[in-house]
Structure formats: C-alpha cells, structure tokens
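All you need for the working numbering is the position in the sequence shown, starting with 1, plus 188. Here a beta-carbon is modelled for each residue, glycine too, at the ideal position from N, C-alpha and C. Below: the structure, in structure tokens.
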Amino acid sequence: MARITLTEYECEHDLLPAVCVKCGQPAQDRLVRTFRIGDGRGPWGFWRSLATLYGILMFPPLLLWALRRARSMRARVPYCRADRANTVRQERFAYCIIIPCWIIGVVMLDSFVMEDIFTGRPGLLGLAIVPIPLLFTSLEALTRKLFTQGGPATTTGFPLTGVHPAFVSALVEDRARDCVANPDRRALRGDIRDDFDDER
Numbered sequence: 189m190a191r192i193t194l195t196e197y198e199c200e201h202d203l204l205p206a207v208c209v210k211c212g213q214p215a216q217d218r219l220v221r222t223f224r225i226g227d228g229r230g231p232w233g234f235w236r237s238l239a240t241l242y243g244i245l246m247f248p249p250l251l252l253w254a255l256r257r258a259r260s261m262r263a264r265v266p267y268c269r270a271d272r273a274n275t276v277r278q279e280r281f282a283y284c285i286i287i288p289c290w291i292i293g294v295v296m297l298d299s300f301v302m303e304d305i306f307t308g309r310p311g312l313l314g315l316a317i318v319p320i321p322l323l324f325t326s327l328e329a330l331t332r333k334l335f336t337q338g339g340p341a342t343t344t345g346f347p348l349t350g351v352h353p354a355f356v357s358a359l360v361e362d363r364a365r366d367c368v369a370n371p372d373r374r375a376l377r378g379d380i381r382d383d384f385d386d387e388r
C-alpha cells in the first residue's frame with residue numbers, strides 16, 4: 189500500500205480522482221473525512237495539546253474543547269460501493285467497542301486517582317489490572333480517527349496512508365496535468381516535487 193499527502197486546495201475543491209483508495213477500482217461513492225491538525229502551534233497550541241492528552245486520559249470534555257480549537261479540513265475520499273460499505277461497517281463496530289472501553293478506562297482511572305488523593309491508600313496499584321489496558325487498547329484507534337488517517341498533519345497537507353497505488357498514480361497524474369495552469373495544486377513545497385510525494 190502507498191502513502192500520499194493531500195493539499196488543502198485539493199480537499200477544498202474536491203479534486204481527488206475517482207479511484208477507490210482501497211482497491212484501485214473506479215469509485216462510485218465518496219466518504220467525507222475530517223482531518224485535524226493537533227499540533228502545538230498557534231497561540232493556543234500548547235494548551236490545546238495539553239487538553240488533548242489530559243482529555244483522553246482523565247477528563248473527556250477537554251478533548252472536545254481541543255478538537256474545536258484544532259484546525260480542520262474536510263475531504264470527500266473516493267471509495268467503490270463495496271469498500272465504502274465495509275469501511276462504514278468496520279468503523280461503526282470499532283466505535284461500539286472503543287468508546288465504551290475508553291469511557292470505562294477514564295472513569296476507573298479517575299476513581300483510582302481520587303481514592304489515592306483522599307484516602308492515601310495505594311489505589312493506583314489497581315491501574316495495572318484493568319484501566320491501563322483499556323485505555324491503551326483504545327487510545328491508538330481513537331486518536332487516529334480524531335485527527336488524521338495515518339500520520340501527523342502538516343500546515344499544508346493531510347497524509348493518507350494505506351491507500352492503493354492506483355489512487356496515488358491517478359492523483360499524481362492529475363497534478364501533473366493541472367500544475368502548470370493551476371499552481372495552487374503545488375502548495376506543499378511550491379515546486380515540481382509535489383508531483384512525486386507518493387511513497388510506495
């Protein structure tokens with residue numbers, strides 16, 4: 189599978205080729221994806237990063253605040269009908285497991301911390317039994333869906349990983365045809381290297 193970085197211009201103007209990102213076949217459907225930049229830049233960058241970490245581990249409302257403050261971009265990612273249906277079904281099933289595990293883990297972690305603070309008993313020793321495994325099993329999948337698909341977003345692009353090489357080739361060809369008349373499609377580095385940013 190391949191990796192490619194989408195530009196903000198391509199996301200805003202729906203310029204992704206009609207090639208399924210999973211199988212490389214012609215795509216009949218689109219699935220709206222929200223990419224978020226959760227870095228430490230900007231006036232609220234440090235606090236947003238801290239709120240994200242603390243919200244995931246201890247206080248979920250802070251995570252909602254961090255997501256509202258994060259810069260985001262929507263993209264209509266192409267899928268064939270079969271892969272779109274499979275992707276939606278898998279994500280729904282995953283969230284039915286991940287979200288409850290996350291909530292249970294946070295509640296138990298908070299209860300152990302509060303017990304340790306108010307009673308002085310070794311409540312944190314219980315973390316090794318249930319909460320930590322629950323938190324870490326859901327952490328990777330949860331943060332991947334909340335921010336990006338496959339890698340950290342940059343100020344100029346949003347990476348997609350695990351996509352079919354045929355999708356990468358089609359997007360690179362579209363950029364090559366359009367980059368002279370439409371230089372905004374070369375917003376990643378501003379030169380011809382943007383036509384060869386795929387990694388196979």
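Using the C-alpha atoms, what's the distance from residue j back to residue i?
i: V295; j: G345; result: 36 Å
i: E200; j: L245; result: 33 Å
i: M302; j: L348; result: 40 Å
i: A273; j: I292; result: 29 Å
i: T195; j: D304; result: 48 Å
i: D386; j: V356; result: In this prediction, D386 scores a pLDDT of 48, lower than 50, which makes its location untrustworthy; the coordinate-derived value is nonetheless stated afterwards. Computed Cα separation, rounded: 7 Å.
My understanding is that residue i touches residue j, with C-beta atoms under 8 Å, so please give their C-beta distance in whole angstroms.
i: A215; j: H352; result: The pair is not a contact, with the Cβ atoms about 10 Å apart (cut-off 8 Å).
Buried or exposed: which applies to residue i, given that a residue is buried once 16 or more other Cβ atoms fall within 10 Å of its Cβ?
i: V276; result: exposed
i: P205; result: buried
i: F306; result: exposed
i: E361; result: exposed
i: P266; result: buried
i: K210; result: buried
i: A258; result: buried
Check this for me: beta carbons of residue i and residue j, under 9 Å apart or not?
i: S260; j: R218; result: no
Report all residues from its chain with a CB closer than 6 Å to the CB of residue i; omit the five preceding and five following residues, and keep chain order.
i: R264; result: D202, R218, V220
For residue i, which residues from the same chain have a beta carbon less than 7 Å from its beta carbon, with the 5 sequence-adjacent residues on both sides left out?
i: A354; result: V207, G212
Please find out if some non-hydrogen atom of the ligand MN comes closer than 8 Å to the beta-carbon of residue i.
i: I292; result: Among the ligands in the structure shown, none appear at all, so the ligand MN cannot be discussed.
Might you give, ordered along the chain, the residues of its own chain that have their beta carbon closer than 8 Å to the beta carbon of residue i, omitting 5 neighbours on each side?
i: R262; result: C199, V220, R221, T222, F223
i: Y242; result: L250
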